[in-house]
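Visitor: Sharing a structure with you now.
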Amino acid sequence: MINQAKSTTLNSISLPLKALFTGYLLVIGVGLLMAGAQIMLTHGMADGKPGLSIDDIVYSYYGHRNNSKLESKLNGSMKDKAPENVRFQLIEWARKGAKAKDWEPSIKGITQQYCVKCHSVVPGIPNFTKLSAFQKVAQVDEGDDYKKLTRISHIHLFGIAFIFFFVGFIFSMAQGFSSRVQAAIIAIPFVFLLVDVSSWWLTKLDPEFAILVIVGGGAYSLASGVMIATSLYQMWVMDWLANRRLK
Ligand code: HEC
């Protein structure tokens with residue numbers, strides 16, 4: 001069932017309405033490109049390499065959980081400073097959240113024995129006679145916290161739903177699609193917006209879900225791209241081309 005007999009079609013609406021729709025779609029189109037650029041610049045560099053990858057998303061939302069400074073140094077330049085089992089104990093402590101309650105019973109003694117002969121006298125390196133300084137290097141990067149996720153989730157959902165509503169509304173006047181296909185294209189961005197935002201939360205729990213962030217974002221960018229391009233084409237180019245062919 002092709003919807004040729006629509007009451008309002010994009011090629012037949014009044015010039016002022018075309019101007020309104022076109023202005024909106026162009027600004028939204030540029031906005032989407034900017035959003036894409038911004039994602040590349042913020043998340044895209046999370047793994048230290050340009051371009052958006054799964055690792056970037058994992059690092060942004062899940063963090064570098066096995067990568068406190070303490071752990072990487074104990075496996076790197078500080079490797080020869082303490083025996084294996086002692087280094088292991090310190091890494092375990094860091095991974096379990098660098099709790100203050102373990103300081104007096106075990107951790108403090110270890111740092112006294114192996115670390116503070118430098119890390120209290122050598123200027124420019126952290127002073128490990130203080131718990132706070134040791135906790136700082138033991139901090140595990142857990143990615144964005146829930147407070148930030150809640151904030152960006154609701155801004156994202158409200159803001160983007162508005163964009164999809166108007167882009168979908170304009171596109172609903174496009175012709176040449178079956179109702180089902182057209183309805184699906186209009187629905188896709190909303191569905192994948194929910195997938196995208198939920199996948200941030202899921203990635204925080206398990207890095208396996210990072211792929212959904214890319215699938216969600218990709219699907220709704222593609223669907224909005226199709227809607228914007230089709231709408232602009234049908235408002236300005238379609239009839240012009242048809243008229244040229246008739247001549
Ligand atoms: C012989 C001196 C010496 C001893 C002993 C030593 N360190 Fe270090 N440590 C350094 C120096 C010098 C640096 C700076 C250079 C570097 O990062 O490799 C450093 C850097 C570090 C850093 C990085 C600090 C930062 O903010 O960049 C950590 C973490 C660290 N040490 C942990 C330890 C731990 C844990 C021990 C004990 C098991 C230890 N170090 C024992 C000399 C020492």
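1 is the number of the first residue of the sequence shown in the working numbering; add one for each residue after it.
Every residue, glycine too, gets a C-beta built ideally from N, C-alpha and C.
Quantities reported herein were computed from a predicted structural model and do not represent experimental measurements.
Got a sec? Which residues, its chain only, sit under 6 Å from ARG65 by beta carbon, not counting five neighbours each side?
Guide: VAL140.
Visitor: So, with DSSP's three-state summary, where would you put SER179?
Guide: In this structure, SER179 counts as helix in the three-state DSSP scheme.
Visitor: With H, G and I counted as helix, E and B as strand and the rest as coil, what does DSSP make of PHE166?
Guide: Note: PHE166 maps to helix in three-state DSSP.
Visitor: Go ahead and label SER179 buried or exposed: buried means 16 or more other beta carbons lie within 10 angstroms of its beta carbon, across all protein chains shown.
Guide: Burial call: exposed.
Visitor: Determine the burial state of TRP93: buried for a count of at least 16 other Cβ atoms within 10 Å of its Cβ, exposed for fewer.
Guide: Classification of TRP93: buried, given that the 10 Å Cβ count is 16 or more.
Visitor: Just how far apart, CA to CA, sit LYS79 and GLY143?
Guide: Taking the straight line joining both Cα atoms gives about 27 Å.
Visitor: Only counting the same chain, and skipping five residues up and downstream in sequence, which positions put a Cβ closer than 8 Å to that of LEU149?
Guide: Answer for LEU149: TYR61, TRP200, TRP201 and LYS204, listed in chain order.
Visitor: Could you name the residues of the same chain whose beta carbon sits closer than 8 Å to that of THR111, not counting the 5 residues immediately before and after it, in chain order?
Guide: Hits under 8 Å: HIS119, PHE128, THR129 and PHE134.
Visitor: Going by the CB atoms, is the gap between SER231 and LEU33 shorter than 7 Å?
Guide: Cβ distance not < 7 Å, so LEU33 and SER231 don't count as in contact.
Visitor: Quick test of your reading: ILE188 and PHE171, contact by CB under 8 Å. State the CB separation rounded to the nearest angstrom.
Guide: About 11 Å; that fails the 8 Å criterion.
Visitor: Just how far apart, CA to CA, sit ILE211 and ASP56?
Guide: Cα-Cα distance, rounded: 11 Å.
Visitor: Of all the options GLY218, MET227, SER68 and PRO50, which has the alpha carbon lying nearest to the alpha carbon of VAL181?
Guide: Measuring from the Cα of VAL181, the nearest candidate turns out to be MET227.
Visitor: Just to confirm, does LYS73 get its C-beta within under 6 Å of one of the non-hydrogen atoms of the ligand HEC?
Guide: Result yes, Cβ under 6 Å from the ligand HEC.
Visitor: In three-state terms, what does DSSP make of MET227?
Guide: Three-state result, MET227: helix.
Visitor: Under 7 Å, do VAL215 and HIS156 count as touching if we go by C-beta distance?
Guide: No. Outside cutoff.
Visitor: Grab me the residues of VAL213's own chain with a C-beta within less than 7 Å of its C-beta, minus the 5 sequence neighbours each way, in chain order.
Guide: Correct list, in chain order: ILE57, ASP196, SER199, TRP200 and THR203.
Visitor: Tell me whether HIS64 sits in a helix, a strand or coil according to DSSP, three-state version.
Guide: If DSSP states are grouped into helix, strand and coil, HIS64 belongs with coil.
Visitor: Helix, strand or coil: which one does DSSP assign to ILE13?
Guide: Correct three-state label for ILE13: coil.
Visitor: Within a Cβ cutoff of 8 Å, which residues of the same chain sit near VAL280, ignoring the five residues on either side of it in sequence?
Guide: Missing from the structure shown is residue 280; the chain here goes from 1 to 247 and no further.
Visitor: Among LYS117, GLY217, LEU52 and PRO123, which one has its Cα closest to the Cα of PHE190?
Guide: Of LYS117, GLY217, LEU52 and PRO123, the residue nearest in Cα terms is GLY217.
Visitor: Do the CB positions of ARG87 and LEU74 come within less than 7 Å of each other?
Guide: Yes, Cβ-Cβ distance for ARG87 and LEU74 is below 7 Å.
Visitor: For ASP239, which residues from the same chain have a beta carbon less than 8 Å from its beta carbon, with the 5 sequence-adjacent residues on both sides left out?
Guide: If we look at ASP239 and ignore the five residues flanking it on each side, its Cβ neighbours are ASN11.
Visitor: How about THR8 and MET173: do their beta carbons lie closer than 7 Å?
Guide: Yes.
Visitor: Just verifying my parser: in three-state terms, what is the DSSP assignment at HIS43?
Guide: Residue state, collapsed to three classes: coil.
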